[in-house]
């Protein structure tokens, strides 16, 4: 997850010092690359149990390694990319021919990961193999003679435990001492079919027949599918055989033994009959009780009423009124829509506690390894929506921050899935700010609460089913590594929560203040009054009071802003039950905030962003009006 | 003890060299009668299997990225809600459609 700035492009941000020698941290997802990066540089990039954490490329320096610059790269299994992340990783590796590569692998799964090492060695790069998660490997009885392995590969091999920092000093010492020339390419015997393909590319360049140096993904994608697959299989099998020969002499991997408690728990999280109640319990305690009741209720009450309105607002108002004599300018800072009394208050006292509690819960779920199990459980449901189980990660994250979740849709394999997921995030997944406000509005009223959940679920499913039919492309395939269940480390969870909250705050804070200024401008010039008069008939058709038009208009700048406005109305007793239900519904469906719009535009293009936003606006209004008509004629609420 | 080859086969061997005789002398390692293949989606939980080959080339890259190759032995842990297998110390989940593209042999 990005922590440095609210940009998403990645590459453009990589300005770096030409003087510095480069270190690239390379490896598959979920082996502790980001954690090693954090430990070396002292930065806090979040670490997760699912692929896709490193959407941005983090750059940093290590105090123990003067003169070096360290870069984290997205998870990759090979230099022949399948996903966007792998493509980025490949580009970075090839762009930096002189960089030292730290290949991080999961020690217990060395057998599976060593072929990638061989591939990197074929490139003729200087490399250090880092056997991370050594503690888990030892627990399983895995023994690796790392010195002998290093001898056979011709590169240093360092066992580490990133969580405790074990082995990192040795790693730094090896880097500081400097590495000699890169070892020669490993003498792997490739079958004739593989060499034939390599020869076809190499003949016009006169290069040696080393696949990794010669064969590009572009060339492979130009081959007929069957030929390409045979080539890739042959290549991988030959490397695997070479790796297995080495490992047979330097390492032993004992078979997995009987059932432990962890094993039992693991089965429980994968069995439909036990996992469904578990998921509901997580939803109830995690989202409803912790985020909804505690975050959006207790914390917001305390921060907003007991702290902000009691001390901060009067104090600021007093000062502003004393320093600035003109009431119009005073309004910019304080009073009803002022930057301090509205923008700052919403950001700090209302949104921050809600988002904070959500991110804390999400980080806990992530670090325990629960999310991939949820993906497994929901795969069949998601297939009906044109997605696969993997989409659980952006969708669940969307309940925290839709903007962040839209960036994370990159972990989905096909463009079709990314489009469908973005549409669902924009329409039917309320972000934690909206959710917090909506929960606070409806939590005390069970009837409305249930009706709201049912209706939102129906809209979500219906929309997904329509999208699955309308968006062209092949049905997705689901495959996912299920990481072991781990007891989350408090320090890790806190670091992650902090880095996400920081990202969120940096991203939204200026927008909140800017929205305050726009609202002030709109009010002073009378433009808003005019717009409100224009949308008033719509608001009235939804059966909402006139003031709700304000909130809906502000909701255009940030939907949580609009949500917070409605919450204010409720607190002042200006909404009846029917109006509560309709506002909750409309706010949940409402336009994505400006930040999400800009991410949608960056990831999917202008046409998609504008089209989706317009469709959302129309849908939200229509649902509001229709719901009002139904409720008024039937008299249910 | 290998059976004494037919005189005609001996003549053939004498005429055309070694290859034929080896085929006659050593039965295939798996046994004389080949064991039936199944797809991964048909192996009951708790059973072990050996990956033989892939039936759909468009999905092979996915298996390669997880290190599931021809010759890999795996243990099937679940068939529902998705197919879950253990390979070494890792566990992977596949949907049924994907599991049906992997031809395996029970072991």
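Protein chains in written order, with the numbering used here: chain V, 16 to 652; chain U, 5 to 111.
Glycine included, every Cβ here is placed at the ideal spot set by N, Cα and C.
By Cβ distance, which residues of its chain are closer than 7 angstroms to residue i, with the 5 residues on each side in sequence left out?
i              : result
residue 51(U)  : 80 and 110
residue 232(V) : 95 and 96
residue 167(V) : 261 and 265
residue 285(V) : 388 and 391
residue 31(U)  : Note that residue 31(U) scores 48 on pLDDT, short of 50, meaning its location in the model is unreliable; the coordinates nonetheless yield the value given after this. There are no such residues.
residue 64(U)  : 58
residue 458(V) : 307, 308 and 464
residue 280(V) : 500
For residue i versus residue j, is the C-beta spacing smaller than 7 angstroms?
i              : j              : result
residue 88(U)  : residue 101(U) : no
residue 95(U)  : residue 497(V) : yes
residue 373(V) : residue 447(V) : yes
residue 478(V) : residue 436(V) : no
residue 394(V) : residue 507(V) : no
residue 654(V) : residue 201(V) : Examination of residue 654(V) is not possible in this model, given that chain V is present from 16 through 652 alone.
residue 353(V) : residue 431(V) : no
residue 226(V) : residue 213(V) : yes
residue 642(V) : residue 597(V) : yes
residue 563(V) : residue 547(V) : no
residue 418(V) : residue 611(V) : yes
residue 133(V) : residue 172(V) : no
residue 62(U)  : residue 107(U) : no
residue 454(V) : residue 258(V) : no
residue 84(V)  : residue 37(V)  : yes
residue 268(V) : residue 157(V) : yes
residue 422(V) : residue 412(V) : no
residue 103(U) : residue 44(U)  : yes
residue 404(V) : residue 475(V) : no
residue 283(V) : residue 289(V) : yes
residue 355(V) : residue 331(V) : yes
Taking the alpha-carbon of residue i as reference, which of the options has the nearest alpha-carbon?
i              : options                           : result
residue 66(U)  : 452(V), 129(V) and 248(V)         : 248(V)
residue 681(V) : 400(V), 208(V) and 405(V)         : Residue 681(V) cannot be examined here, being either before or after the span of chain V that is shown, 16 to 652.
residue 8(V)   : 369(V), 145(V), 499(V) and 475(V) : Beyond the ends of chain V as shown, which are 16 and 652, falls residue 8(V); an answer cannot be given.
residue 416(V) : 614(V), 308(V) and 73(V)          : 614(V)
residue 567(V) : 449(V), 461(V), 481(V) and 618(V) : 449(V)
residue 44(V)  : 147(V), 526(V), 81(V) and 513(V)  : 147(V)
residue 207(V) : 329(V), 99(V) and 246(V)          : 246(V)
residue 593(V) : 313(V), 495(V), 289(V) and 652(V) : 652(V)
residue 42(V)  : 142(V), 112(V) and 422(V)         : 142(V)
residue 653(V) : 91(U), 99(U), 44(U) and 13(U)     : Look at the range of chain V in this structure, 16 to 652, and you will see that residue 653(V) is not part of it.
residue 256(V) : 154(V), 152(V), 156(V) and 131(V) : 131(V)
residue 51(V)  : 117(V), 100(V) and 109(V)         : 117(V)
residue 230(V) : 114(V), 503(V) and 105(V)         : 105(V)
residue 73(V)  : 322(V), 81(V), 93(V) and 39(V)    : 39(V)
residue 129(V) : 203(V), 178(V) and 80(V)          : 203(V)
residue 209(V) : 242(V), 187(V) and 195(V)         : 242(V)
residue 434(V) : 550(V), 189(V), 624(V) and 87(V)  : 624(V)
residue 590(V) : 616(V), 559(V), 619(V) and 608(V) : 559(V)
So does residue i have its beta carbon nearer than 6 angstroms to some heavy atom of the ligand PLP?
i              : result
residue 303(V) : The ligand PLP is not among the ligands present in this structure, which contains no ligands whatsoever.
Since residue i and residue j should fall inside the 8 angstroms C-beta cutoff, what is the C-beta to C-beta distance between them, to a whole number of angstroms?
i              : j              : result
residue 531(V) : residue 357(V) : 5 angstroms
residue 55(U)  : residue 70(U)  : Not a contact, Cβ separation roughly 11 angstroms.
residue 499(V) : residue 384(V) : 6 angstroms
residue 409(V) : residue 440(V) : 7 angstroms
residue 349(V) : residue 335(V) : 5 angstroms
Tell me which residues share the same chain as residue i and place their Cβ nearer than 8 angstroms to its Cβ, disregarding the 5 neighbours each side in the sequence.
i              : result
residue 149(V) : 122, 174, 175, 176, 181 and 182
residue 636(V) : 553, 557 and 601
residue 539(V) : 343 and 346
residue 160(V) : 265 and 266
residue 78(V)  : 57
residue 640(V) : 553, 556 and 557
residue 315(V) : 364, 365, 368, 369, 451 and 455
So, for residue i: in the same chain, excluding its five sequence neighbours on each side, which residues have a beta-carbon less than 6 angstroms away from its beta-carbon?
i              : result
residue 103(V) : 89
residue 27(U)  : Caution applies to residue 27(U), whose pLDDT of 43 falls short of 50 and renders its modelled position unreliable; the value that the coordinates give is listed next. Nothing meets the Cβ criterion.
residue 645(V) : none
residue 205(V) : 253
residue 66(V)  : Because residue 66(V) carries a pLDDT of 41, less than 50, the predicted location of this residue cannot be relied on, and the following value inherits that uncertainty. Cβ within range, chain order: 44, 90 and 426.
residue 140(V) : 116 and 197
In the DSSP assignment, the alpha helix (DSSP H) including residue i goes from what residue to what residue?
i              : result
residue 345(V) : 342-348
residue 494(V) : Element bounds for residue 494(V): not the alpha helix (DSSP H) but the beta strand (DSSP E), 494-497.
residue 359(V) : Where residue 359(V) is concerned, there is no enclosing alpha helix (DSSP H), given that its DSSP letter is neither H nor E.
residue 234(V) : 232-237
Give the range of the beta strand (DSSP E) segment to which residue i is assigned.
i             : result
residue 90(U) : 87-91
residue 94(U) : 94-98
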